[in-house]
Amino acid sequence: MGDSVSAGLTAGTIQINVNGHELQVYCAQPEGKTRPPVVLVISEVAGAHEQVAEVVRRFARQGYLALAPELFSRRGDVVFRAPDAQVFAELDAVVTWAQANGGNGDKISITGFCWGGRIAWLYAVHNPAIKTGVAWYGGLAGDASVNFPRHPVHAAGAVSAPMDGWNRVLGWFKQAEVV
2 MGDSVSAGLT AGTIQINVNG HELQVYCAQP EGKTRPPVVL VISEVAGAHE
52 QVAEVVRRFA RQGYLALAPE LFSRRGDVVF RAPDAQVFAE LDAVVTWAQA
102 NGGNGDKISI TGFCWGGRIA WLYAVHNPAI KTGVAWYGGL AGDASVNFPR
152 HPVHAAGAVS APMDGWNRVL GWFKQAEVV
(Lines of atoms letter the chains of each structure in order from A and count residues from 1; the text may use other names and numbers.)
(Lines give C-alpha, C1' and ligand atoms only; values in the text may rest on other atoms or scores of the structure.)
Protein backbone atom coordinates (compact mmCIF):
# COMPACT_ATOMS: atom_id res chain seq x y z
CA MET A 1 0.00 0.00 0.00
CA GLY A 2 1.36 3.33 -0.80
CA ASP A 3 -0.54 5.41 -3.34
CA SER A 4 -2.26 7.64 -0.81
CA VAL A 5 -5.20 9.27 -2.59
CA SER A 6 -6.60 11.30 0.24
CA ALA A 7 -5.06 13.23 3.08
CA GLY A 8 -4.84 11.06 6.16
CA LEU A 9 -5.25 7.75 4.30
CA THR A 10 -2.93 5.09 3.07
CA ALA A 11 -4.47 3.30 0.10
CA GLY A 12 -3.36 0.98 -2.66
CA THR A 13 -3.35 -2.55 -3.98
CA ILE A 14 -1.79 -5.34 -1.97
CA GLN A 15 -1.31 -8.99 -2.88
CA ILE A 16 -2.26 -11.87 -0.61
CA ASN A 17 -1.13 -15.39 -1.43
CA VAL A 18 -4.05 -17.83 -1.41
CA ASN A 19 -2.94 -21.37 -2.19
CA GLY A 20 -0.34 -20.18 -4.71
CA HIS A 21 -2.56 -17.51 -6.28
CA GLU A 22 -1.72 -13.84 -5.73
CA LEU A 23 -5.06 -12.26 -4.86
CA GLN A 24 -5.16 -8.52 -5.53
CA VAL A 25 -6.90 -6.54 -2.81
CA TYR A 26 -7.54 -2.80 -2.84
CA CYS A 27 -6.96 -1.62 0.71
CA ALA A 28 -7.27 1.71 2.52
CA GLN A 29 -6.85 2.71 6.13
CA PRO A 30 -6.48 5.85 8.18
CA GLU A 31 -2.87 6.81 8.81
CA GLY A 32 -1.76 6.40 12.40
CA LYS A 33 -4.84 4.58 13.72
CA THR A 34 -4.08 1.44 15.70
CA ARG A 35 -6.32 -1.63 15.52
CA PRO A 36 -9.00 -0.14 13.28
CA PRO A 37 -12.18 -2.14 12.75
CA VAL A 38 -12.14 -4.14 9.51
CA VAL A 39 -14.67 -4.06 6.70
CA LEU A 40 -14.65 -6.33 3.65
CA VAL A 41 -16.15 -4.66 0.57
CA ILE A 42 -17.37 -7.20 -1.99
CA SER A 43 -17.96 -5.98 -5.53
CA GLU A 44 -20.61 -6.90 -8.03
CA VAL A 45 -19.60 -9.05 -11.03
CA ALA A 46 -17.74 -6.13 -12.62
CA GLY A 47 -14.96 -6.65 -10.08
CA ALA A 48 -13.12 -4.23 -7.82
CA HIS A 49 -13.29 -1.15 -10.06
CA GLU A 50 -12.86 2.55 -9.19
CA GLN A 51 -16.32 2.95 -7.66
CA VAL A 52 -15.58 0.06 -5.29
CA ALA A 53 -12.19 1.63 -4.51
CA GLU A 54 -13.96 4.87 -3.59
CA VAL A 55 -16.27 2.95 -1.23
CA VAL A 56 -13.14 1.46 0.38
CA ARG A 57 -11.65 4.94 0.82
CA ARG A 58 -14.92 6.22 2.31
CA PHE A 59 -14.83 3.49 4.94
CA ALA A 60 -11.18 4.32 5.65
CA ARG A 61 -12.09 7.98 6.14
CA GLN A 62 -14.51 6.78 8.83
CA GLY A 63 -11.70 4.92 10.62
CA TYR A 64 -11.86 1.43 9.10
CA LEU A 65 -9.25 -0.82 7.57
CA ALA A 66 -11.25 -1.50 4.40
CA LEU A 67 -10.42 -4.18 1.85
CA ALA A 68 -11.91 -5.03 -1.56
CA PRO A 69 -10.54 -8.29 -2.96
CA GLU A 70 -10.58 -8.93 -6.71
CA LEU A 71 -12.48 -12.21 -6.40
CA PHE A 72 -12.62 -12.84 -10.15
CA SER A 73 -8.87 -12.70 -10.77
CA ARG A 74 -8.38 -16.48 -10.94
CA ARG A 75 -10.86 -16.92 -13.75
CA GLY A 76 -10.47 -13.69 -15.65
CA ASP A 77 -13.76 -13.15 -17.45
CA VAL A 78 -16.54 -12.43 -14.97
CA VAL A 79 -18.85 -14.70 -16.95
CA PHE A 80 -17.03 -17.54 -15.16
CA ARG A 81 -18.14 -16.61 -11.67
CA ALA A 82 -16.02 -17.82 -8.83
CA PRO A 83 -17.35 -20.83 -6.89
CA ASP A 84 -18.47 -20.08 -3.33
CA ALA A 85 -15.79 -22.34 -1.78
CA GLN A 86 -13.04 -20.44 -3.63
CA VAL A 87 -14.51 -17.08 -2.62
CA PHE A 88 -14.73 -18.11 1.04
CA ALA A 89 -11.11 -19.34 1.04
CA GLU A 90 -9.98 -16.04 -0.47
CA LEU A 91 -12.02 -13.99 2.02
CA ASP A 92 -10.62 -16.11 4.87
CA ALA A 93 -7.12 -15.16 3.66
CA VAL A 94 -8.09 -11.47 3.52
CA VAL A 95 -9.42 -11.62 7.10
CA THR A 96 -6.23 -13.36 8.26
CA TRP A 97 -4.13 -10.70 6.51
CA ALA A 98 -6.16 -7.91 8.10
CA GLN A 99 -5.75 -9.37 11.59
CA ALA A 100 -2.00 -9.92 11.06
CA ASN A 101 -1.56 -6.36 9.78
CA GLY A 102 -3.12 -4.36 12.57
CA GLY A 103 -6.85 -4.75 11.95
CA ASN A 104 -9.09 -5.39 14.95
CA GLY A 105 -10.11 -9.04 14.66
CA ASP A 106 -12.94 -8.46 17.13
CA LYS A 107 -14.60 -5.90 14.85
CA ILE A 108 -14.98 -7.35 11.36
CA SER A 109 -17.85 -6.42 9.05
CA ILE A 110 -18.78 -7.17 5.47
CA THR A 111 -20.74 -5.34 2.80
CA GLY A 112 -21.41 -6.35 -0.77
CA PHE A 113 -23.11 -5.11 -3.91
CA CYS A 114 -25.32 -7.30 -6.14
CA TRP A 115 -23.33 -10.57 -6.49
CA GLY A 116 -21.26 -9.31 -3.57
CA GLY A 117 -24.44 -8.86 -1.54
CA ARG A 118 -25.13 -12.57 -1.90
CA ILE A 119 -21.56 -13.28 -0.81
CA ALA A 120 -21.92 -10.94 2.18
CA TRP A 121 -24.84 -13.01 3.49
CA LEU A 122 -23.15 -16.35 2.93
CA TYR A 123 -19.75 -15.30 4.24
CA ALA A 124 -21.38 -14.04 7.45
CA VAL A 125 -22.59 -17.62 7.93
CA HIS A 126 -19.24 -19.14 6.93
CA ASN A 127 -17.04 -17.01 9.20
CA PRO A 128 -18.23 -16.41 12.78
CA ALA A 129 -15.69 -13.56 13.09
CA ILE A 130 -18.05 -11.41 11.01
CA LYS A 131 -19.91 -9.22 13.49
CA THR A 132 -22.26 -7.36 11.13
CA GLY A 133 -22.95 -6.83 7.46
CA VAL A 134 -24.98 -5.08 4.82
CA ALA A 135 -25.99 -6.62 1.51
CA TRP A 136 -26.88 -4.16 -1.26
CA TYR A 137 -29.38 -5.73 -3.67
CA GLY A 138 -27.77 -9.17 -3.60
CA GLY A 139 -29.49 -12.26 -4.93
CA LEU A 140 -31.13 -14.11 -2.07
CA ALA A 141 -32.50 -17.17 -3.84
CA GLY A 142 -31.59 -19.44 -6.70
CA ASP A 143 -31.05 -23.02 -7.71
CA ALA A 144 -28.31 -24.91 -5.91
CA SER A 145 -25.39 -26.10 -8.02
CA VAL A 146 -21.90 -27.50 -7.52
CA ASN A 147 -20.34 -24.02 -7.49
CA PHE A 148 -23.18 -22.38 -5.57
CA PRO A 149 -24.53 -25.02 -3.17
CA ARG A 150 -26.79 -22.68 -1.22
CA HIS A 151 -28.16 -19.19 -1.29
CA PRO A 152 -28.85 -16.69 1.50
CA VAL A 153 -32.50 -17.65 1.79
CA HIS A 154 -31.40 -21.23 2.58
CA ALA A 155 -28.86 -20.10 5.18
CA ALA A 156 -31.16 -17.74 7.08
CA GLY A 157 -31.20 -19.74 10.29
CA ALA A 158 -27.42 -19.85 10.47
CA VAL A 159 -26.75 -16.10 10.21
CA SER A 160 -25.55 -14.96 13.63
CA ALA A 161 -24.26 -11.52 12.61
CA PRO A 162 -26.86 -8.76 12.43
CA MET A 163 -27.58 -8.19 8.76
CA ASP A 164 -29.89 -5.60 7.23
CA GLY A 165 -33.46 -6.56 8.04
CA TRP A 166 -33.09 -10.26 7.28
CA ASN A 167 -36.28 -11.31 9.08
CA ARG A 168 -38.37 -8.89 7.03
CA VAL A 169 -36.76 -10.08 3.78
CA LEU A 170 -37.20 -13.72 4.76
CA GLY A 171 -40.87 -12.99 5.47
CA TRP A 172 -41.30 -11.65 1.94
CA PHE A 173 -39.77 -14.81 0.51
CA LYS A 174 -42.00 -17.01 2.65
CA GLN A 175 -45.05 -15.07 1.44
CA ALA A 176 -43.90 -15.59 -2.13
CA GLU A 177 -43.40 -19.31 -1.35
CA VAL A 178 -39.74 -19.19 -2.35
CA VAL A 179 -38.65 -20.80 0.94
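Heads up, this note's numbering is the position in the sequence shown plus 1, with the first residue counted as 1. Where is the CB? At the ideal position from N, CA and C, for every residue including glycine.
Only counting the same chain, and skipping five residues up and downstream in sequence, which positions put a Cβ closer than 8 Å to that of residue i?
i   : result
N18 : L24, A94
H50 : S44
With distances taken from CA atoms, which of the options is nearest residue i?
i    : options               : result
V42  : G117, H127, L10       : G117
Y138 : V57, E45, A29         : E45
C28  : P129, R58, G9, S110   : R58
L10  : H22, A67, A83, S74    : A67
E55  : A12, I120, A101, A121 : A12
H22  : E51, S74, H50         : S74
With which residues is residue i paired in a DSSP beta bridge?
i    : result
P70  : V26
V42  : T112
W137 : F114
How about residue i and residue j: are their beta carbons less than 8 Å apart?
i   : j    : result
R36 : G103 : yes
V40 : S110 : yes
A61 : P31  : yes
In chain order, what residues of the same chain have a beta carbon less than 6 Å from the beta carbon of residue i, not counting five sequence neighbours either side?
i   : result
P38 : Y65, N105, K108
N14 : According to the sequence shown, residue 14 is Thr rather than Asn. The residues are Q25, Y27.
Within a Cβ cutoff of 7 Å, which residues of the same chain sit near residue i, ignoring the five residues on either side of it in sequence?
i    : result
K34  : G64
E91  : V19, L24, P70, L72
W98  : I17
Q100 : G106
Just to check my reading of the structure: residue i and residue j have Cβ atoms closer than 8 Å, yes? What is that Cβ distance to the nearest angstrom?
i    : j   : result
N128 : V96 : 7 Å
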